[in-house]
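Below: the structure, in structure tokens.
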Amino acid sequence: MRYRSIILLSAATLALAACGHKSETSTTTETSVNDTMVAADNVTDISTPAIPSQGQTFANAAAASDAFEIATSNAALSTSHSAAVKAFAGKMVTAHTGSTAKLKTAAAAASPAITPDATLTPDQQQTLDALKAKTGADFDQAYIAAQIDGHQKTLDALKAYAASGDVPQLKTFATSLVPTVTAHLNMAKGLKP
1 MRYRSIILLS AATLALAACG HKSETSTTTE TSVNDTMVAA DNVTDISTPA IPSQGQTFAN
61 AAAASDAFEI ATSNAALSTS HSAAVKAFAG KMVTAHTGST AKLKTAAAAA SPAITPDATL
121 TPDQQQTLDA LKAKTGADFD QAYIAAQIDG HQKTLDALKA YAASGDVPQL KTFATSLVPT
181 VTAHLNMAKG LKP
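So for the sequence shown, full-length UniProt numbering puts the first residue at 1; every next one is plus one.
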């Protein structure tokens, strides 16, 4: 009988131990699941920068192009000694100031509205900085080269967006500027320092 009591007592102890262990596992599992859920919630709280839309990207590029043309042309107006370069630069300031106004109007009419960011690209800023360090004929040659390169890149971007852009107001803007930018490119190619 004593042997039987020991066996029953041992079985009861094992059963209780198993229950206790099961409870701890369950609590540990629940805690792990809850910790994972909290961690997942924290991950969703991390703000990731939104990828700009095609329209926003185009508007930013067009605004930066205008800002670059205006800044480099203002530099030409104050630095160049060439009457032809100064005349061209004056036309560029006027034309690109007008283009900026048209861009803002088209972007504001989009749904949702777009706000163009005119921050120069690193390449544009580097070109502007290098240009400001030059004088005389070196300045004029660098200015003309920058105008040809800048207008060609702008023309390519306008044509591409006019063909496959996603914002109708910006497509119309791009299409309407192709002839003007083509004319500016041809004028820049004809400049002599």
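Just so you know, even glycine gets a beta-carbon here, dropped at the ideal spot from N, CA and C.
Spatial distance of residue i from residue j (CA atoms)
| i | j | result |
| --- | --- | --- |
| Val85 | Ala76 | 7 Å |
| Ile144 | Asp117 | 25 Å |
| Thr154 | Ala113 | 22 Å |
| Ala157 | Pro168 | 16 Å |
| residue 194 | Lys132 | Nothing about residue 194 can be read from this structure; the chain reaches only from 1 to 193. |
| Thr135 | Thr182 | 28 Å |
| Pro52 | Phe58 | 10 Å |
CB of residue i within 9 Å of CB of residue j, strictly
| i | j | result |
| --- | --- | --- |
| Thr127 | Phe88 | no |
| Ser73 | Val93 | yes |
| Ala163 | Leu120 | no |
| Gln124 | Leu191 | no |
| Gly165 | Gln56 | no |
| His96 | Asp129 | no |
Backbone secondary structure at residue i - three-state DSSP
| i | result |
| --- | --- |
| Ile51 | coil |
| His151 | helix |
| Ser82 | coil |
| Ser99 | helix |
| Leu131 | helix |
| Leu191 | coil |
| Glu30 | Any answer about Glu30 is weak, because its pLDDT of 48 lies below 50 and its placement is not dependable; what the coordinates show is given next. Helix. |
| Val93 | helix |
With a cut-off of 8 Å, do at least 3 Cβ pairs link the region 54-66 to the region 159-178? yes
Counting Cβ pairs, one atom from each stretch, are 3 or more of them under 8 Å apart for the region 134-144 and the region 71-80? yes
Kindly confirm or deny that the region 101-108 and the region 181-190 touch, where touching means at least three C-beta pairs closer than 8 Å. no
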